[in-house]
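Student: The opening residue of the sequence shown carries number 1 in the working numbering; numbering runs sequentially from there. Cβ coordinates follow ideal geometry from the N, Cα and C atoms, glycine included. Starting off with a structure, shown below.
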Amino acid sequence: MGGAKLVDVEVMVSWASSMTWKGLYPILSLSKTVYQKGISLTKKAMKQVESRLQGNPLLPKWDSLIQPL
Numbered sequence: 001m002g003g004a005k006l007v008d009v010e011v012m013v014s015w016a017s018s019m020t021w022k023g024l025y026p027i028l029s030l031s032k033t034v035y036q037k038g039i040s041l042t043k044k045a046m047k048q049v050e051s052r053l054q055g056n057p058l059l060p061k062w063d064s065l066i067q068p069l
């Protein structure tokens, strides 16, 4: 498995955009939004998010599918 020194944002985006899965390349966009720390969802809101998550039985720790709304 190859690797890259992820020294700055440009290198990270370039490296990630070159990855493929079954011949498909990812669609990337860099968000420069700074989010406020300490914000969390209510239990009810988190349950709504979790209901859209589907784990891959072969890679449950690393692969999740998020169903669109």
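Which value, in whole angstroms, describes the spacing of the CA atoms of Q67 and G3?
Tutor: Taking the straight line from one Cα to the other gives about 30 Å.
Student: Is S29 helix, strand or coil by DSSP?
Tutor: If DSSP states are grouped into helix, strand and coil, S29 belongs with coil.
Student: Could you check the C-alpha separation between W21 and I27 for me, to the nearest Å?
Tutor: The straight-line gap from Cα to Cα measures roughly 12 Å.
Student: On the three-state DSSP scale, how would you describe S40?
Tutor: DSSP places S40 in coil when its eight states are reduced to three.
Student: Could you check which residue in N56, K37, A16, Q48 has the C-alpha nearest to that of Y25?
Tutor: The shortest C-alpha separation from Y25 is found at A16.
Student: Rounded to a whole number of angstroms, what is the C-alpha to C-alpha distance between I39 and M19?
Tutor: Using only the alpha carbons, I get a separation of about 32 Å.
Student: Please state whether DSSP places S64 in a helix, a strand or coil.
Tutor: Of the three classes helix, strand and coil, the one that applies to S64 here is strand, per DSSP.
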